[in-house]
Amino acid sequence: MYTVGLTDDGGWFGTGDQRTLSDVLDDFAIECDYAIVEGFSDSHLPKVSLGDRPVTAPEVVTAASADDLDFDEVTDIVETLPSYETPASLVTALRGSVGTSASGSIATSTVLEAELASTDNVETQVEAAERRLRSTDGIRDARVHRQQSLFDEHDDLVYVVALADGPTRANEAIGEALDQLVETV
Numbered sequence: 274m275y276t277v278g279l280t281d282d283g284g285w286f287g288t289g290d291q292r293t294l295s296d297v298l299d300d301f302a303i304e305c306d307y308a309i310v311e312g313f314s315d316s317h318l319p320k321v322s323l324g325d326r327p328v329t330a331p332e333v334v335t336a337a338s339a340d341d342l343d344f345d346e347v348t349d350i351v352e353t354l355p356s357y358e359t360p361a362s363l364v365t366a367l368r369g370s371v372g373t374s375a376s377g378s379i380a381t382s383t384v385l386e387a388e389l390a391s392t393d394n395v396e397t398q399v400e401a402a403e404r405r406l407r408s409t410d411g412i413r414d415a416r417v418h419r420q421q422s423l424f425d426e427h428d429d430l431v432y433v434v435a436l437a438d439g440p441t442r443a444n445e446a447i448g449e450a451l452d453q454l455v456e457t458v
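Heads up, the sequence shown is in my numbering, so the first residue is 274 and it goes up one at a time.
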């Protein structure tokens, strides 16, 4: 069970015990640019250290108290970090990139980073896969994103999302991109 409350000034809050932080961030990734999370000090989320409280890496900013934080500085630093994405947030980005009037089919797939042909230079492989996918005939737009595990020691994931002229082309292109990621480099 969970509770969602609204404040008089238009804010909201939620409490409950049936959703994990990962579940909540997955939902937020679709519509939010940032999320401030209190607690979860053992996660791999970027951290702000207040006072002399110890935090685990990655620590991005320290301040004596919340009142001493420079939120512009925090935002600038966070902007340099890899974004938190999900297949759903990447699909939303694709739809936004081509406009709401465009028709087409979207295909998605996820591969464990450990299944890649080489786990060296993963970012380079991901960027190359996205360039190849975007230049494929019949593909209107594509996203390939490496999502590092933030909550535990599970494998990092690579999401592949493509918007194509039709479902057959979308699925073929995703398959080709996955084959290249897993079999080459």
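No residue lacks a Cβ here, since even glycine has one placed at the ideal position from N, Cα and C.
- CA-CA distance, threonine 359 to alanine 336, rounds to 31 Å.
- For the segment 403-452, there is no continuous alpha helix (DSSP H) assignment of 4+ residues that stays within its boundaries.
- Between proline 319 and valine 297, the gap from beta carbon to beta carbon reaches 8 Å or more.
- Shown here, serine 370 sits in a helix according to DSSP, grouped into three states.
- Between valine 310 and leucine 294, the gap from beta carbon to beta carbon is short of 8 Å.
- Straight-line spacing of the CA atoms in valine 384 and alanine 308 works out to 26 Å.
- Put simply, the segment 329-344 does not touch the segment 395-403. Fewer than three CB pairs are less than 8 Å apart.
- Taking 8 Å as the cut-off, the Cβ atoms of arginine 416 and leucine 367 count as close.
- Selection Arg405, Thr441, Thr365 evaluated against glutamate 304 yields Thr365 as nearest (Cα-Cα).
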